[in-house]
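S.K.: Have a look at the structure that comes next, please.
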Amino acid sequence: MNSQETTTTEKASFAQILEAWETNEQDNQLSNKGQIIEGVVVETREDTVFLDIGEKQEGRVPLSDFYNDAPSTGTPVSVVLKRRVDGYAILSKKEADIRKGWDSIRDAYTNGYPVMGKVVGEIKGKGFVVHVEDVSLFLPASHLAMKFKDLADLKTKEIDVKIIEINERNKSGVVSRKKLLEEVNNEKWDGLLEKVKIGDKVSAKVVKIANFGVFCEVEGVIGLLRQNDISYKKFAPFKQFFQVGQEFEVLILELDKENNKLSLGLKQMHEDPWDWAKRELEKGMIVSGTVTSLTSFGAFVELMDGLEGLIHTSELTWSKKPPLPKDLIKKADTVEAEVLDIDFDKRRLSLSMKHLLPNPWDNLSANVRVGNNLEGIITGITKYGAFVEVESGIEGLIHLSDITWDEKEKNPTALLKKGQKVEYKILDVNLDSQRISCGLKQLTEHPYEALKKKYPPGTLVEGKIKSIVSFGVFVEVEPGFEGLVHISEIPPDRTNQLEEYYPIGAIVKTAVLKIDSNTKKISLSIKDHDKAVEREEMAKYIKDDGEVSRESLGSFMNLK
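Take the working numbering: the final residue in the sequence shown is number 1268, and no numbers are missing along the way.
See the structure below:
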């Protein structure tokens, strides 16, 4: 096989590899498209809720999917991945709710469980739209079996109904309150009402386990222990803790014979953890807990069942660029933290691990002073610069404008690599805001200052014509440095024929008028150069006539 055939084969192989890689990337991007995935609320901005979905990409959900009620940071949410656009994922909570809700509806229909719903609308002359587990079902007017003032009054009530028909294809169904009431066993209900009241502890026996709770028999009447009444912990799994036939103690939450409704509670038998928090917790306390989940913005720590606090990434270490939580702690780790803030109304608890560590800013080395040159490791690179380790736990920022003097460098951060050891200069130390500014280019003199020293006013310099404009010509005095000979500094008899006298690329002799390092401008003069040459010739002439010349070139120049 000749070299040309080899090259062709290599190109083909590379093309195949590239195509396979791109296909694999596309498959990875689309692999979970349309699937239900789990996320955690990071924040809400305007009409969008942002989720951490365990990827580099952030997830976005319309606030309308939450019925315009902004969820709390850290709330776990099930969503459906719709598509990926411009570096983020478009998600739907509504679709995930409907899918999960439909599973519960199918389960309830198959096993004859009653379900709880809320009237959200009316179909004139026919019936009502009822939301059950976030799915819209139809309640015929003849199956409502209750009195109400108007639709607004009806919408304030949650009602128990029985599912009497479902349509798998359309994900729709029909419910009936009337059918549920027909199943009321008056004799058993009367017996129950004689023995118990709301708030009593009773023995309950598991008869059915549904997706949304556990059905239990109490004195012959079937009651529901809903998922939300099992544990104070949000969205806690529960099915594995119950078995049909199992008996345990519960609290009576609601007794409603007329609506055939017996509500039971398990968590209510124990103190609400937030009541305990009001009594026992205060800012500045050190607490211990178990890490329950890790996200890109922090770690959730459970102090007790149903009481979690958030350690934000900024509260993990004193570093201005803190590591990811997963790099410091693991799920199920026991950690200690300080209580930073408690919001009892919103049930939010903020914790800090770094407050249990010495603050390195309190013991900043004497070497960290403005103007000092130090060495350190590049710890991270961002779009606005690079971070360098100044001392253990303290980083300084090298802004991209302080990396190089070369203004033609489009991507200064590309000159640095994470882990690289560099020398840098301390530009600013702000103890109040705990920020240190560093620079690399400041290790060397400003190029225009160096040029200013090299070419003081009056210096004669040769350069190459780089361009011609209406107001003069630009001359390259050194590679990368161009000066302007303004048209007023060109002999008058040549100003109308600049291209003829000063063609691009030609060498021209000038005198330096001024170098301004602030504006980075170099001013040159051809007129002054010619005058200087004339005066030098005159000086030589006088010297040749036998008179001693004590005048230098500079003394002959009468520059502006």
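Where is the CB? At the ideal position from N, CA and C, for every residue including glycine.
Helix, strand or coil: which one does DSSP assign to R1077?
M.R.: Reduced to three states, the DSSP call for R1077 is coil.
S.K.: Expressed to the nearest angstrom, what Euclidean distance is found between the alpha-carbon atoms of E891 and P822?
M.R.: 11 Å
S.K.: CA-CA distance, N1226 and E1115?
M.R.: So the two alpha carbons sit approximately 14 Å from each other.
S.K.: Taking the straight line between their C-alpha atoms, what separation do you get for S844 and I1085?
M.R.: 59 Å
S.K.: Classify D1224: buried if its beta carbon has 16 or more other beta carbons within 10 angstroms, exposed otherwise.
M.R.: Taking every protein chain shown into account, the CB of D1224 has fewer than 16 other CB atoms within 10 angstroms, so this residue is exposed.
S.K.: Could you give the residue range of the alpha helix (DSSP H) that holds K1162?
M.R.: P1155 to K1162
S.K.: Just to confirm before moving on: does the CB-CB distance between V1096 and T1087 stay below 8 Å?
M.R.: yes
S.K.: Below 7 Å CB to CB, which residues in the same chain sit around T1218 once its five sequence neighbours on both sides are set aside?
M.R.: V1169, G1171, V1183, V1193, L1232, S1233, I1234 and H1237
S.K.: Relative to the C-alpha of K903, which residue among T1121, K1222, L963 and L1059 is closest?
M.R.: L963
S.K.: Could you name the residues of the same chain whose beta carbon sits closer than 6 Å to that of G1011, not counting the 5 residues immediately before and after it, in chain order?
M.R.: Strictly speaking, residue 1011 in this sequence is Leu, with Gly absent from that position. Result list for L1011: V995 and G997, in chain order.
S.K.: Going by CA-CA distance only, name the one from K801, M1246, Y775 and Q743 that's closest to V769.
M.R.: For the residues K801, M1246, Y775 and Q743, the minimum Cα distance to V769 belongs to K801.
S.K.: If I follow the unbroken beta strand (DSSP E) through L1148, where does it start and stop?
M.R.: Element bounds for L1148: n/a, residue is neither H nor E.
S.K.: Roughly how many angstroms separate the alpha carbons of V1185 and L1159, rounded to a whole number?
M.R.: V1185 and L1159 have their C-alpha atoms roughly 10 Å apart.
S.K.: What do you get for V828, buried or exposed, if any count of 16 or more other CB atoms within 10 angstroms of its CB means buried?
M.R.: exposed
S.K.: Cutting at 8 Å between CB atoms, please list the residues of its own chain near N819, excluding the five before and the five after it.
M.R.: K916 and A918
S.K.: Measuring only the C-alpha atoms, how far is S1060 from E1103?
M.R.: 20 Å
S.K.: Taking L959 as the reference, which of L972, K887, Q948 and I798 has the closest Cα?
M.R.: If you compare the alpha carbons of L972, K887, Q948 and I798 with that of L959, the shortest gap goes to L972.
S.K.: Buried or exposed: where does S812 fall if 16 or more other Cβ atoms within 10 Å of its Cβ makes it buried?
M.R.: buried
S.K.: Taking the beta strand (DSSP E) that N1138 belongs to, which residues open and close that run?
M.R.: K1129 to N1138
S.K.: Could you check how far apart the C-beta atoms of T1167 and V1220 are, in whole angstroms? I think they sit under 8 Å.
M.R.: 5 Å
S.K.: What's the C-alpha gap between I874 and G921?
M.R.: 21 Å
S.K.: Give me the Cα-Cα distance between L738 and P1120, rounded to the nearest whole angstrom.
M.R.: Low local confidence applies: a pLDDT of 43 at L738 is under 50, so the model's placement there is unreliable, with the coordinate-based value given in what follows. For L738 and P1120, the distance between alpha carbons rounds to 35 Å.
S.K.: Closest to K1162 by CA distance: which of K1129, A778, K941 and F1189 is it?
M.R.: F1189
S.K.: Decide if Y1249 is buried, meaning its Cβ has at least 16 other Cβ atoms within 10 Å, or exposed.
M.R.: exposed
S.K.: Could you work out which residue in I1111, V914, E955 and K969 is closest to W897 when comparing CA atoms only?
M.R.: Among I1111, V914, E955 and K969, the Cα nearest to that of W897 is on K969.
S.K.: What residue does the beta strand (DSSP E) around E1186 start on, and which one ends it?
M.R.: G1180 to E1186
S.K.: Count the CB pairs spanning the region 771-787 and the region 739-748 that are closer than 8 Å, and state whether there are at least three.
M.R.: Using a C-beta cut-off of 8 Å, the region 771-787 makes contact with the region 739-748, since at least three inter-stretch Cβ pairs fall below that distance.
S.K.: Where G1079 and L1015 are concerned, what is the direct C-alpha to C-alpha distance, given to the nearest angstrom?
M.R.: 50 Å
S.K.: Tell me, to the nearest whole angstrom, how far the beta carbon of K826 is from that of E866; I am working on the premise that it is less than 8 Å.
M.R.: That belief holds up - the Cβ atoms of K826 and E866 are roughly 5 Å apart, short of 8 Å.
S.K.: When you compare only the Cα positions, how much space is there between E990 and A1007?
M.R.: 20 Å
S.K.: For D1051, write down the residues that DSSP places opposite it in a beta bridge.
M.R.: R1056
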